[in-house]
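Undergrad:
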Amino acid sequence: LQGYVGFANLPNQVHRKSVKKGFQFTAMVVGESGLGKSTLVNTLFNTQLYPPKEKVELTHETSQTVEIKSITSDIEENGVKLRLTVVDTPGFGDFVNNEESWKPILDNIESRYDTYLEQENRVNRRRTVDNRIHACIYFITPTGHALKQMDIEFMRRLHTRVNLIPVIAKADTLTEEEVFAFKQRILADIHYHKIQIYQAPAYEYDDQETIDENREIMSKIPFAVVGSDKEFDIDGGRRVRGRQYPWGVIEVDNEEHCDFVKLRQMLIRTHMEELKEYTNDVLYENYRTEKLSAMGI
Ligand code: GDP
Ligand code: MG
22 LQGYVGFANL PNQVHRKSVK KGFQFTAMVV GESGLGKSTL VNTLFNTQLY PPKEKVELTH
82 ETSQTVEIKS ITSDIEENGV KLRLTVVDTP GFGDFVNNEE SWKPILDNIE SRYDTYLEQE
142 NRVNRRRTVD NRIHACIYFI TPTGHALKQM DIEFMRRLHT RVNLIPVIAK ADTLTEEEVF
202 AFKQRILADI HYHKIQIYQA PAYEYDDQET IDENREIMSK IPFAVVGSDK EFDIDGGRRV
262 RGRQYPWGVI EVDNEEHCDF VKLRQMLIRT HMEELKEYTN DVLYENYRTE KLSAMGI
């Protein structure tokens with residue numbers, strides 16, 4: 022079942038909506054270039070959303086700012102359609118001065134809210150399109166030390182506007198102990214700076230299995246991820262997606278090796294609808310209220 026992404030169980034998340042219409046989800050990826058963002062997106066959705074070697078050389082001459090690029094793709098699994106949009110932010114953190122790297126990204130997120138707000142205010146709301154960002158996967162450089170100032174600044178500025186999902190990029194470059202200690206430090210920093218990262222809400226009617234599953238997922242944040250578009254044959258005749266080292270293969274889909282499966286589970290199998298609801302009911306609603314009260318309405 023390597024190639025199975027898992028969104029075919031989306032109907033379980035949304036009972037009220039028609040399955041035929043399909044689902045729509047927009048995720049943003051942010052992090053310095055080379056941290057494996059495009060690879061992880063391809064790995065997550067098991068599709069070449071980003072064609073191999075999209076080697077965009079980012080130099081100070083060609084670009085002075087963070088760009089915002091989005092790719093939309095329709096994928097289908099067991100008859101369930103998902104229209105997936107991935108918003109990439111090349112240039113983030115790649116400049117000499119990265120102090121304001123967060124700003125074009127915040128502007129982009131807010132302008133998507135503005136567009137939605139305008140549509141809501143129109144008389145004919147039938148053709149409302151939702152381009153809001155439902156989740157922002159933030160890639161942390163696997164230094165093994167602590168968050169950088171830039172990471173803290175980004176999360177501090179964005180956490181009230183978007184569902185933040187921090188991940189440790191290229192976790193295969195750290196040992197298990199290093200990952201463990203790094204996670205503790207990252208969480209301590211996040212806590213110290215009062216940054217609100219995405220938390221799955223718990224409901225009274227959740228059964229024990231769901232509660233345990235959520236707890237298990239949340240306990241892995243920040244997810245230590247490994248991405249790869251290569252497969253290898255390993256002992257026992259298994260064919261796995263992974264990255265090859267002289268001593269063996271790090272398996273993307275093996276929970277003993279990294280948290281990729283848990284990230285995918287949350288994003289696609291269990292919390293996609295939840296992320297959309299929180300975006301609409303809390304993040305967007307707060308933005309709308311702030312905006313309207315600033316306008317004196
Ligand atoms: P992006 O610039 O953040 O989109 O990064 P890419 O996805 O283009 O990856 C940059 C390089 O890192 C490529 O050579 C990838 O093969 C490699 N890479 C991607 N993911 C991983 C990973 O999880 N671990 C390791 N070690 N390398 C990775
Ligand atoms: Mg890329």
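For the sequence shown, counting from 1, position 29 maps to 50 in the UniProt record's numbering; every step adds exactly one. The beta carbon of each residue, even a glycine, is placed where N, CA and C say it ideally should be.
Is any heavy atom of ligand 2 found at a distance shorter than 6 angstroms from the C-beta of residue 102?
TA: Stepping through the sequence shown from its first residue, residue 102 is reached at position 81. It does not: the Cβ of residue 102 is nowhere closer than 6 angstroms to a heavy atom of ligand 2.
Undergrad: Note down the Cα distance separating residue 314 from residue 164, rounded to an integer number of angstroms.
TA: Mapped onto the sequence shown, residue 314 falls at position 293. Mapped onto the sequence shown, residue 164 falls at position 143. So the alpha carbons of these two residues sit roughly 42 angstroms apart.
Undergrad: In the structure shown, what three-state DSSP assignment does residue 316 receive?
TA: Here residue 316 refers to the residue found at position 295 of the sequence shown. Coil at residue 316, not helix or strand.
Undergrad: What do you get for residue 268, buried or exposed, if any count of 16 or more other CB atoms within 10 angstroms of its CB means buried?
TA: Taking the first residue of the sequence shown as position 1, residue 268 is located at position 247. Under this definition residue 268 is an exposed residue.
Undergrad: Taking 6 angstroms as the cut-off, does the CB of residue 58 come closer than this to any heavy atom belonging to ligand 1?
TA: Taking the sequence shown and counting its residues from 1, the one referred to as residue 58 is at position 37. Yes, the Cβ of residue 58 comes within 6 angstroms of a heavy atom of ligand 1.
Undergrad: In chain order, which alpha helix (DSSP H) runs of at least 4 residues are fully inside the region 276-314?
TA: The region 276-314 contains these whole alpha helix (DSSP H) runs: 281-285 and 293-299.
Undergrad: Roughly how many whole angstroms lie between the Cα atoms of residue 293 and residue 29?
TA: Reading the sequence shown from its first residue, position 272 is the one you call residue 293. Reading the sequence shown from its first residue, position 8 is the one you call residue 29. Rounded to the nearest angstrom, the two C-alpha atoms are 12 angstroms apart.
Undergrad: According to DSSP, is residue 263 helix, strand or coil?
TA: Numbered from 1 along the sequence shown, position 242 holds the residue referred to as residue 263. Residue state, collapsed to three classes: strand.
Undergrad: Relative to the alpha-carbon of residue 264, which residue among 257, 258 and 272 has its alpha-carbon at the smallest distance?
TA: Within the sequence shown, numbered from 1, the residue matching residue 264 stands at position 243. Of the candidates 257, 258 and 272, the one whose C-alpha sits nearest the C-alpha of residue 264 is 272.
Undergrad: So residue 219 is in the alpha helix (DSSP H); what residue range does that whole segment cover?
TA: For the purposes of this step, residue 219 is taken as residue 198 along the sequence shown, with counting starting at 1. Looking at the DSSP string, residue 219 is not in any alpha helix (DSSP H), and its letter there is neither H nor E.
Undergrad: In three-state DSSP terms, what is residue 205?
TA: Your numbering for residue 205 matches position 184 in the sequence shown. Correct three-state label for residue 205: helix.
Undergrad: Quick one: grab the DSSP three-state call for residue 190.
TA: The residue given as residue 190 occupies position 169 in the sequence shown. Three-state DSSP puts residue 190 in coil, outside helix and strand.
Undergrad: Should the region 179-191 be regarded as contacting the region 124-135, the criterion being three or more beta carbon pairs within less than 8 angstroms?
TA: Yes: the two stretches touch, three or more of their Cβ pairs being nearer than 8 angstroms.
Undergrad: For residue 104, which beta-bridge partners are listed by DSSP?
TA: If you number the sequence shown from 1, residue 104 lands on position 83. Paired residue(s): 45 and 95.
Undergrad: Excluding the five sequence neighbours on either side, which residues of its own chain have a C-beta within less than 6 angstroms of the C-beta of residue 278, listed in chain order?
TA: Your numbering for residue 278 matches position 257 in the sequence shown. Closer than 6 angstroms at Cβ, skipping near neighbours: 271 and 272.
Undergrad: At the level of alpha carbons, what is the spacing between residue 257 and residue 274?
TA: Stepping through the sequence shown from its first residue, residue 257 is reached at position 236. Stepping through the sequence shown from its first residue, residue 274 is reached at position 253. Cα to Cα, the separation comes out at about 16 angstroms.
Undergrad: Grouping DSSP H, G and I as helix and E and B as strand, with all else coil, what is residue 29?
TA: What you label residue 29 is simply residue 8 of the sequence shown in a count that begins at 1. DSSP places residue 29 in helix when its eight states are reduced to three.
Undergrad: Assuming residue 133 contacts residue 154 (C-beta within less than 8 angstroms), just tell me the rounded distance between them.
TA: Here residue 133 is taken as the residue at index 112 of the sequence shown, counted from 1. Here residue 154 is taken as the residue at index 133 of the sequence shown, counted from 1. That pair is a contact at about 6 angstroms.
Undergrad: Note the first and the last residue of the continuous beta strand (DSSP E) segment covering residue 255.
TA: Indexing the sequence shown from 1 puts residue 255 at position 234. First-last of the beta strand (DSSP E) with residue 255: 252-255.
Undergrad: Take residue 48 and list the residues in its own chain whose beta-carbon comes closer than 6 angstroms to its own, dropping the five residues that flank it on each side.
TA: On the sequence shown, position 27 is the one that residue 48 refers to. The residues are 107 and 156.
Undergrad: Quick one: what does DSSP say residue 270 is sitting in, helix, strand or coil?
TA: Counting from one through the sequence shown, the residue named residue 270 turns up at place 249. Correct three-state label for residue 270: strand.
Undergrad: Just reading off the alpha helix (DSSP H) that residue 113 is part of, what are its end residues?
TA: Within the sequence shown, residue 113 is the residue found at index 92, counting from 1. Careful: residue 113 lies outside any alpha helix (DSSP H) and carries neither H nor E.
Undergrad: Would residue 276 be called buried (16 or more neighbouring beta carbons within 10 Å of its own) or exposed?
TA: Position 255 of the sequence shown, counting from 1, holds the residue named residue 276. When all chains shown are included, residue 276 counts as exposed.
Undergrad: When the Cα atoms are used, what is the spatial distance from residue 109 to residue 140?
TA: For the purposes of this step, residue 109 is identified with residue 88 of the sequence shown, where counting begins at 1. For the purposes of this step, residue 140 is identified with residue 119 of the sequence shown, where counting begins at 1. Cα to Cα, the separation comes out at about 24 angstroms.
Undergrad: Since residue 226 is in the alpha helix (DSSP H), which residue starts that stretch and which ends it?
TA: If you number the sequence shown from 1, residue 226 lands on position 205. Run containing residue 226: none; DSSP gives neither H nor E here.
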